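Below is one structure, written out as structure tokens, with a few remarks after it.
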Amino acid sequence: HLACYASTQAPETAVSESFELADIDWEGLGFGLIPTDYMYVMKCDGSGNFTNGKLQQFGNIELSPSAGVLNYGQGLFEGLKAYRKHDGNILLFRPEENALRMRNGAERMCMPSPSIEQFVEAVKDTVLANKRWIPPAGKGSLYIRPLLLGTGAVLGLAPAPEYTFLIYVSPVGNYFKEGVAPIHLIVEHELHRATPGGTGGVKTIGNYAAVLKAQTAAKVRGYSDVLYLDCVEKKYLEEVSSCNIFIVKDNVVSTPAIKGTILPGITRKSIIEVALNEGFQVEERQVAVDELLDADEVFCTGTAVVVSPVGSVTYRGKRVTYVEDGFGAVAQRLYSALTRLQMGLSEDEMNWTVEL
Ligand code: COI
Numbered sequence: 057h058l059a060c061y062a063s064t065q066a067p068e069t070a071v072s073e074s075f076e077l078a079d080i081d082w083e084g085l086g087f088g089l090i091p092t093d094y095m096y097v098m099k100c101d102g103s104g105n106f107t108n109g110k111l112q113q114f115g116n117i118e119l120s121p122s123a124g125v126l127n128y129g130q131g132l133f134e135g136l137k138a139y140r141k142h143d144g145n146i147l148l149f150r151p152e153e154n155a156l157r158m159r160n161g162a163e164r165m166c167m168p169s170p171s172i173e174q175f176v177e178a179v180k181d182t183v184l185a186n187k188r189w190i191p192p193a194g195k196g197s198l199y200i201r202p203l204l205l206g207t208g209a210v211l212g213l214a215p216a217p218e219y220t221f222l223i224y225v226s227p228v229g230n231y232f233k234e235g236v237a238p239i240h241l242i243v244e245h246e247l248h249r250a251t252p253g254g255t256g257g258v259k260t261i262g263n264y265a266a267v268l269k270a271q272t273a274a275k276v277r278g279y280s281d282v283l284y285l286d287c288v289e290k291k292y293l294e295e296v297s298s299c300n301i302f303i304v305k306d307n308v309v310s311t312p313a314i315k316g317t318i319l320p321g322i323t324r325k326s327i328i329e330v331a332l333n334e335g336f337q338v339e340e341r342q343v344a345v346d347e348l349l350d351a352d353e354v355f356c357t358g359t360a361v362v363v364s365p366v367g368s369v370t371y372r373g374k375r376v377t378y379v380e381d382g383f384g385a386v387a388q389r390l391y392s393a394l395t396r397l398q399m400g401l402s403e404d405e406m407n408w409t410v411e412l
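Take 57 as the starting number for the sequence shown in full-length UniProt numbering and just add one per residue.
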């Protein structure tokens, strides 16, 4: 795709300078949309150049019924978080990784994408404009949701002639209704999330619609979410609907290797590095479903879920349990190391955080 140029346009709407906290109940935040003040919108025509990005009042957007994203699913999303530190400063975690992943996804989905710099600057602008919605330290984070959408009109199947990059944000707490309690997973062996050569390895919107059926059925049966297997041998772990999966056995932390059907999670990648630093052996490889039987611990990682302990996994009617409540020792160690870094409570030796 053609290069895109950074825009330094002034916001369309003057951004409030007041940094008073928003007047909401900051206790017990979950993971539902709380609309905030501003969103960021930047468009790109057929030339591939994103220009004229602007903050505007958060609200509905107008789309042609014939927009590529509505008709053929030409869309990507990202997710990252901003934390408020005790000193009032704000930390982003590895935003350029999200920018890069969006660019990789855009290439797969035949879309032009903002440059890394445009993406990161837009994230910063959006977070600062919505500063009063960042939860107080220790109460949660501001979830940042960048979208890249084929908004131009099409009828026949083709890449859209126009694209929109948009960022909105929402204060969030725990992703799962279990809070920090362990989640319960069921292994799905009929429906699949991704296929070799497909789009499982990019964050395209359709991947998430595709898991709703299995996820809904699992929730009706009292499970928190679904763990997917590879669709060829139906034997190897892939990921959970909204997060990556890790198993622990002795000093070894293993996770399915990235091979096109698994989302390359930024939390996944960070936990691997944290685990190595903490002295664990880490293996990215094929992880057979049978290994769940004799794992010491299982946990999930993702931007939204952070690190979530798995209390049990059920596979073909057999339930294996790991922890009753709280974290296993290894997941706890990795969770603490990662979140202390993300919240600015420990020294950022990796240079992963961006302070605003
Ligand atoms: C995230 O963790 O940011 C995601 O994109 C997962 C989403 C289903 C909430």
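Where is the CB? At the ideal position from N, CA and C, for every residue including glycine. Small disclaimer: the values here were computed from a predicted structure and weren't measured.
Helix, strand or coil for residue i, going by three-state DSSP, please let me know.
{"i": "Y219", "result": "strand"}
{"i": "G400", "result": "coil"}
{"i": "R140", "result": "strand"}
{"i": "I328", "result": "helix"}
{"i": "G229", "result": "coil"}
{"i": "E405", "result": "coil"}
{"i": "L388", "result": "Position check: residue 388 holds Gln in this sequence, whereas Leu was assumed. Correct three-state label for Q388: helix."}
{"i": "M95", "result": "strand"}
{"i": "T251", "result": "coil"}
{"i": "T317", "result": "coil"}
{"i": "Y128", "result": "helix"}
{"i": "E73", "result": "Its pLDDT being 47, under 50, E73 is placed unreliably by the model, and the measurement read from it follows with that caveat. In this structure, E73 counts as coil in the three-state DSSP scheme."}
{"i": "V276", "result": "helix"}
{"i": "R157", "result": "helix"}
{"i": "R372", "result": "coil"}
{"i": "Q174", "result": "helix"}
{"i": "Q342", "result": "coil"}
{"i": "P151", "result": "helix"}
Tell me, to the nearest whole angstrom, how far the beta carbon of residue i is from that of residue j; I am working on the premise that it is less than 8 Å.
{"i": "V354", "j": "V369", "result": "6 Å"}
{"i": "A138", "j": "L198", "result": "4 Å"}
{"i": "T207", "j": "A123", "result": "5 Å"}
{"i": "L222", "j": "D281", "result": "That belief does not hold up - the Cβ atoms of L222 and D281 are roughly 27 Å apart, past 8 Å."}
When the Cα atoms are used, what is the spatial distance from residue i to residue j?
{"i": "I318", "j": "A209", "result": "31 Å"}
{"i": "G400", "j": "A214", "result": "45 Å"}
{"i": "T92", "j": "V225", "result": "7 Å"}
{"i": "A78", "j": "S364", "result": "28 Å"}
{"i": "A237", "j": "V366", "result": "9 Å"}
{"i": "E347", "j": "E295", "result": "15 Å"}
{"i": "C299", "j": "G212", "result": "34 Å"}
{"i": "N145", "j": "E163", "result": "35 Å"}
{"i": "I327", "j": "P227", "result": "23 Å"}
{"i": "V362", "j": "K374", "result": "27 Å"}
{"i": "M406", "j": "L397", "result": "9 Å"}
{"i": "K291", "j": "A344", "result": "6 Å"}
{"i": "A351", "j": "Y94", "result": "45 Å"}
{"i": "G253", "j": "E134", "result": "21 Å"}
{"i": "V376", "j": "K269", "result": "24 Å"}
{"i": "G88", "j": "W189", "result": "14 Å"}
{"i": "E173", "j": "W408", "result": "16 Å"}
{"i": "L204", "j": "L126", "result": "13 Å"}
{"i": "N116", "j": "L412", "result": "28 Å"}
{"i": "G129", "j": "L394", "result": "34 Å"}
{"i": "G324", "j": "A313", "result": "According to the sequence shown, residue 324 is Arg rather than Gly. Computed Cα separation, rounded: 11 Å."}
{"i": "V330", "j": "Y391", "result": "9 Å"}
{"i": "I303", "j": "C356", "result": "9 Å"}
{"i": "T311", "j": "L293", "result": "9 Å"}
Using a C-beta cutoff of 8 Å, does residue i count as contacting chain C?
{"i": "K275", "result": "The displayed structure is made up of one protein chain only, and chain C is not part of it."}
* Can you list, in chain order, every residue whose CB sits closer than 6 Å to a heavy atom of ligand 1? -> Listed along the chain, these residues meet the criterion: G135, Y264, S298, G358, T359, A360.
Stretch-stretch touch, CB-based, cutoff 8 Å, three pairs: the segment 137-157 with the segment 338-348: Segments in contact, no.
| Inter-stretch contact (C-beta, 8 Å, three-pair minimum) for the segment 303-318 and the segment 378-395 | Touching, per the Cβ criterion.
Taking contact to mean 3 or more Cβ pairs, one atom from each stretch, closer than 8 Å, check whether the segment 92-110 and the segment 228-245 are in contact.
In short, these stretches do not touch, since the Cβ pair count stays below three.
(message) Under 8 Å, with one C-beta from each stretch per pair, do the segment 226-242 and the segment 105-112 reach the 3-pair mark?
(response) As far as the Cβ criterion goes, the segment 226-242 does not touch the segment 105-112, which means the pair count is below three.
contact_flag[the segment 282-297, the segment 328-336] where n(CB pairs < 8 Å) is 3 or more: Touching, no, given that fewer than three Cβ pairs across the two stretches are closer than 8 Å.
message: With three or more beta-carbon pairs closer than 8 Å as the criterion, would you say the segment 167-178 touches the segment 186-194?
response: Contact between the segment 167-178 and the segment 186-194 is absent: fewer than three C-beta pairs spanning the two stretches fall below 8 Å.
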